[in-house]
Structure formats: C-alpha cells, structure tokens
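Report on the following structure.
Residue numbers (my numbering): 153 to 792.
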C-alpha cells in the first residue's frame, strides 16, 4: 500500500507545491459547488498542480456542462490514481458520442474504450454492423440517445423495431420523467398507448384537470401502475392520505420502480398502525416490492414489526428481521435486524435461536440495538469496547512526511478546506488493508481539529471491526455543566460531529446546533451574556446547549427519550406524541422501545437511537478505570 502511494501517487497526483494566491479562491469555489468557476480559476494557477488537478476532477465529475472528451481522456491518462474512474469514463463516453463522431471514429473509439452505457453499446454494435436481437431491444429501452441518434437508428433498423420495444422505451423514459425524449417516441405507439403516455406527461407536469386527464385514458388502462402512481403523488401533495391508501390497496403486487413508492407506503402504513387498522398495513407491506437495500431494509423491518408487535405472529416476524440482517451491511441495520429476530424467537419460545440472534446483535456494541442485546445476554458486564490508544505524534509526523496525500490533507486543513479531500481519502481507505494507515489518517484529522472527517474515517474502520479512539472525540466541558458530560457529548456528536463552526440550513449553530433565538432565550434565563458569534465557541455553545437540554429534562420529568425528542423535533412534539401513542413507560423498557418506534418522524426516531448509543459509549469512555455494567435498558425508563 505505502509503496503504491509513494511510488505512483507522489509522481502524478499528490505532488506538493507552494500555495499561490488563487488557491483559496479555487477552494472557496469548490466548497460552494461552483465547479466551472473553480476549474477556470485553477487553469490560471499554474503553480499549484494538486489544486489544479483536484478542481479538474470535481469539474469533470459534476459540471452540468460535459467537457470535451479529450479533456476527460487526458485527465484519466495523467491521473491514474484519482478515484471514480468508471464514472469519469461514463462522462467521457457521453462527451465522445455528443461530438457527433463518424462511423470510423466510433469503431476506433470503442476498440480503445469498451462501451459502458446502453446508448454506447447500441452504437458500438451498429458500428460493427451487428445490432440485432434481444440486446438491441434492451439497449433501445435503456439508452439515452440524442435526437439525431434516434432518427438514425429508427431509419436504419426500421424493420427490426417492434411496438413492444417502443412501448417499453416510452415507459422507462416517463418513469424517469424524461418527457421530451418520450414525446419523440409516442407517435410510434398504438392509439391507446399514446393516450396513456400523454396522460402520464400531463399528470407529472401537473397540467390539466386530473379527472379529465384520467377520463381521456382508455378504461382498461386507467389502473395502469404508472397512472396509480401519478394519482398517488397528486393526492399526497394535497395531503389526502386516505386517497393515497385507497390507491395503494388497489396497486399490483409487483410494483415498477418500487423505490419511488416507498415514502407513500411508509406514511400510509404508519398511519394505519397508529389507527389500529393492521390489516391495511399488512396488505401494503406484504407487497412492498422493494429491492434497493435502503428501502428494502426499512420495509422488511416494518413488516417484521407489524407481525411481531401487533399480530403476535412470530415466525414471519423473525423471517423479516433475519432478512434485514442478511441484506444490510452497516452495523446499525444489522444489529437492528438481529436484535428484533432475537425478540421474535424469544417470544415464540425458541430460546436457543433467540440467544444466537442476540449474540449477533451484540457484536455491534456502539449501536443502540447492539447495546440492548449485550445487556440482555450479559446483564452484569460493561460495554465491551476495546481501549485504543491513538498513534503517537511522532508516528503522525512520519505519516505526513511519507504520505503525499496526508501532506496535502494537512495543508488543506490549515486552509479550512480539508473536506474537499474526503472522496480521495475514502478511496484510499477502501483500497487499504492496513489498519494503521486508516488509524493514522483518522488521528491526523483529529489533530487538525477536523473532527467530522476524523469520525468519518473512524466509522470506516469500525465497519471493518477496528475501533479507533477518534470515533468518539472528547471535548473539554464547561465548569458547572447542567447535564452529564456524557450526555452533552452524545448530543454534540450527533448534532455536528463536533464541527464547532457548523451552521445548518435552519441556521442552527455550533457544536450543539443551537438556533440563535433559542440560545438568546436560554442565555437570558441563566444570566449569561449573549452574542450570536459566540455560538461558534465550543465551551460557550456546550454551556447554553446543556442549559437547554436540562430545561427539557425538567419539562419531561427526567425522561431522556422525551427530552431528546424535544431537542430534535421541538419541545412541543413529545407531549403530542404521548397523547397519540400513550404515556412513556417507567417500568417496561420494551414498551418504551415500542413507543420510540411509533415516532412519526424518521429523522427523530433515528436521532433518539443515535444519541442514546453515543451516551452509553461516552459513559464507558469517561469512566476511565471504572467498568460498571451497561444500563441501556434502564436508560429507557429511568427518570433523572
């Protein structure tokens, strides 16, 4: 690994050169997402080769204007070590095809660069004189051809096209909301399919009266999945979720583009569960059709939870939870699936299987459900986190000296632009099999006070089973802090990843992400001076944030879950949720978990679990030399 970095990268990529005046301008433009501007500025900055290369890489990947293919080709040849090469090849391919190459140029190009996209595969096969059969049908359906390419193919291969090919191409284009491209093909469709396609365009463009648009569709196509979906979107925009439910119940089992339906399915299922209409929730979840990992994991968890908690049918519940464990890759999802599988087998009276699944969940001790599983199995033992000493400063100095990317990271961190290098660092970490390499990068980021990046790198290590101290930074606490230091750290880690200068889209600021209006009020209540700029002072921010959280704890009689909900969703929400879902239990942690999973905001459900898991880790870290049993279950019901 190191030989590769020093032997190749130092020559072509990470060549350190003195900073120039325009380097900050390039970095500023990159951080603003002004790719074209950054690229133009970098071309005038001939002294800084690395920044010029970095700006070019971002520009070639993200600019809305596809650069000339020769620019991509030159960059890829000169920078073999930059990541995302496949993506760059794809954009280079688009640039080449958009240059209107001759038949001979296509033949030469595709001999050098094998085609990647369906569009390129079709045109490459045409250049070889072998465009036919099933592959042609697939490429025609999936290819994003230019107007001239479409005309050329339609003319040259007019005897090979079928109506089905045109229907499938139009259907795909409309699902992806490429209406202009679809309109070029619609005249080739049968009359009934033309009416269906034009109706879909009107619906997703929100032009025309919905009822009259649907009436224009032949009766046998009015319940086409695409029409159902567009009607669902229309009703959801009007907050008519009773109407959304009615359409979801009439939808087919095998949903096309299923991931687009999930947000509507999820909302309707949660509403139905709250209203105790479990059969409706079951009907929708049993045919959720989700295949992408993110949506599938959530849909299977909802399905398992429904069978477990409301139908008391533990076999299908366990099956759904096991699917989560097997399909997910991240510790949070795997521990969640395994813990609930353990719960399902335990409820079914199968203790050996329950223990097996609890053990699998407990392998992830930094996660909410992994901690609950550990306490369930080993109630008298501490959280099983290893103690890691960070590398010594001398090791980091050697690391920076011998690793050009680390040197660039240090320079960019000093310019407050280190986040620009995260994609490059992430790619190197993915390639590395050396845990010390990852640890050194995480420690370097911490030493440069780039805490969000340090945590990101440590998270990558954790996924590989390597726990670094940088995963949970410890900040100095203000004197007389109003809440437990572990609790304050848990909140700050989730809110800002310890970025003292963070400002959210809602204008929340600093480590604990305080709104200026909230911070001003809290400061006044506690006799503190207030100035908005001081919210970027870590000690001041934590002091006001801890005062605010202490007030929430008092408001909710010491219930941490309710206080955490209030911190994230607003102080008025938890009381409303207790009115809807029942008073939070003070005796049964499983009832508390059930209440927590009923929270209607996905962000808040996740936030509560992440803060609580952070809290238990920080309690472990701060009790140096004292190892008390984990009390994850008690935290859910206790009142401080």
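All residues carry an ideal CB built from backbone N, CA and C; glycine is no exception.
Open item on the list: Just to confirm my understanding: we take residue 617, look at its own chain, exclude 5 residues before and 5 after, and list those with CB closer than 7 Å. What are they?
Closed with: Exclusion of the five residues before and after residue 617 leaves no residue of its chain whose Cβ lies closer than 7 Å to its Cβ.
Task: C-alpha gap between residue 418 and residue 736, whole angstroms - done: When rounded, the separation of the alpha-carbon atoms in residue 418 and residue 736 is 24 Å.
Open item on the list: Taking the alpha helix (DSSP H) that residue 434 belongs to, which residues open and close that run?
Closed with: Its alpha helix (DSSP H) spans residues 430-437.
Open item on the list: Bridge partners for residue 308 per DSSP, in chain order?
Closed with: According to DSSP, residue 308 bridges with nothing at all.
Open item on the list: Starting from residue 554, trace the alpha helix (DSSP H) in both directions and tell me its first and last residue.
Closed with: 545-554 is the span of the alpha helix (DSSP H), which, as asked, contains residue 554.
TODO: From the DSSP output, in three-state form, read off residue 532 for me.
DONE: Three-state result, residue 532: coil.
Open item on the list: Suppose the cutoff is 7 Å on Cβ atoms and the five residues either side in sequence are ignored; what does the same chain contact list for residue 649 look like?
Closed with: Residues 603, 604, 607 of the same chain have their beta carbon placed closer than 7 Å to that of residue 649, with the five preceding and five following residues left out of the count.
- [ ] Measure the Cβ-Cβ separation of residue 466 and residue 496 and say whether it is below 8 Å.
- [x] In this structure, the beta-carbon distance from residue 466 to residue 496 falls below 8 Å.
Open item on the list: If I measure Cβ to Cβ from residue 253 and keep anything under 7 Å in the same chain, skipping five residues before and after, which residues do I get?
Closed with: Correct list, in chain order: 261.
- [ ] May I have the straight-line CA-CA distance separating residue 132 from residue 288, to the nearest angstrom?
- [x] Outside the displayed span of the chain (153 to 792) sits residue 132, for which this structure offers no information.
Task: Nonlocal neighbours in the same chain, by C-beta distance under 7 Å from residue 329, ignoring five residues either side - done: These residues qualify, in order along the chain: 356.
TODO: Identify whether residue 780 lies in helix, strand or coil by the three-state DSSP scheme.
DONE: Residue 780 falls in the coil class under three-state DSSP.
Open item on the list: With H, G and I counted as helix, E and B as strand and the rest as coil, what does DSSP make of residue 663?
Closed with: Look at residue 663 here: in three-state DSSP terms it is coil, with no helix or strand label.
Task: Meets three-Cβ-pair contact criterion under 8 Å: the region 209-219 and the region 183-192 - done: Touching, yes, given that three or more Cβ pairs across the two stretches are closer than 8 Å.
Task: Candidates 274, 566, 543, 732: closest to residue 589 by CA position - done: Comparing Cα-Cα distances from residue 589 to each of 274, 566, 543, 732, the minimum goes to 543.
Open item on the list: I'd like the span of the alpha helix (DSSP H) that includes residue 374, first residue to last.
Closed with: Element bounds for residue 374: n/a, residue is neither H nor E.
Task: At least three beta-carbon pairs within less than 8 Å, the region 549-559 to the region 658-667 - done: A contact between stretches requires three or more CB pairs, one per stretch, nearer than 8 Å, and the region 549-559 fails this requirement with the region 658-667.
Open item on the list: Less than 8 Å between the C-beta atoms of residue 437 and residue 455, yes or no?
Closed with: Their beta carbons are under 8 Å apart, which means residue 437 touches residue 455 by this criterion.
Task: Distance between residue 520 and residue 761 (C-alpha atoms, nearest Å) - done: The alpha-carbon separation between residue 761 and residue 520 amounts to approximately 6 Å.
Open item on the list: Using only CA atoms, which one of 512, 751, 528, 739 lies nearest to residue 717?
Closed with: Nearest C-alpha to residue 717: 751.
Open item on the list: Which residue wins for smallest C-alpha separation from residue 647, given the options 747, 763, 532, 614?
Closed with: Nearest of 747, 763, 532, 614 to residue 647, Cα basis: 763.
TODO: Determine the direct distance from the alpha carbon of residue 740 to that of residue 641, and round the result to whole angstroms.
DONE: One C-alpha to the other measures close to 27 Å.
Task: Minimum C-alpha distance to residue 290 - residue among 266, 263, 324 - done: Sorting 266, 263, 324 by C-alpha distance to the C-alpha of residue 290 places 324 at the top.
TODO: Please work out which residues of its chain come closer than 8 Å, Cβ to Cβ, to residue 879, disregarding the five sequence neighbours upstream and downstream, and give them in chain order.
DONE: With the chain covering only 153 through 792, there is no way to say anything about residue 879.
Open item on the list: When you compare the region 428-447 with the region 398-417, are there three or more beta-carbon pairs, one atom per stretch, that lie closer than 8 Å?
Closed with: Yes: the two stretches touch, three or more of their Cβ pairs being nearer than 8 Å.
Open item on the list: Taking 8 Å as the threshold (C-beta atoms), are residue 509 and residue 490 in contact?
Closed with: Their beta carbons are under 8 Å apart, which means residue 490 touches residue 509 by this criterion.
- [ ] Consult DSSP for residue 791 and reduce its assignment to one of helix, strand or coil.
- [x] The answer is strand: DSSP assigns residue 791 an E or B state.
TODO: Assign residue 771 to one of two classes, buried (16 or more other C-beta atoms within 10 Å of its C-beta) or exposed (fewer than that).
DONE: It counts as buried.
Task: Beta carbon of residue 694 nearer than 8 Å to that of residue 629 - done: Going by C-beta atoms, residue 694 is nearer than 8 Å to residue 629.
Task: When 389, 344, 353, 387 are compared against residue 373, the one with the closest alpha-carbon - done: Among 389, 344, 353, 387, the Cα nearest to that of residue 373 is on 344.
TODO: May I ask which residues mark the beginning and end of the alpha helix (DSSP H) holding residue 279?
DONE: Secondary structure note for residue 279: its alpha helix (DSSP H) is the uninterrupted segment 270-280.
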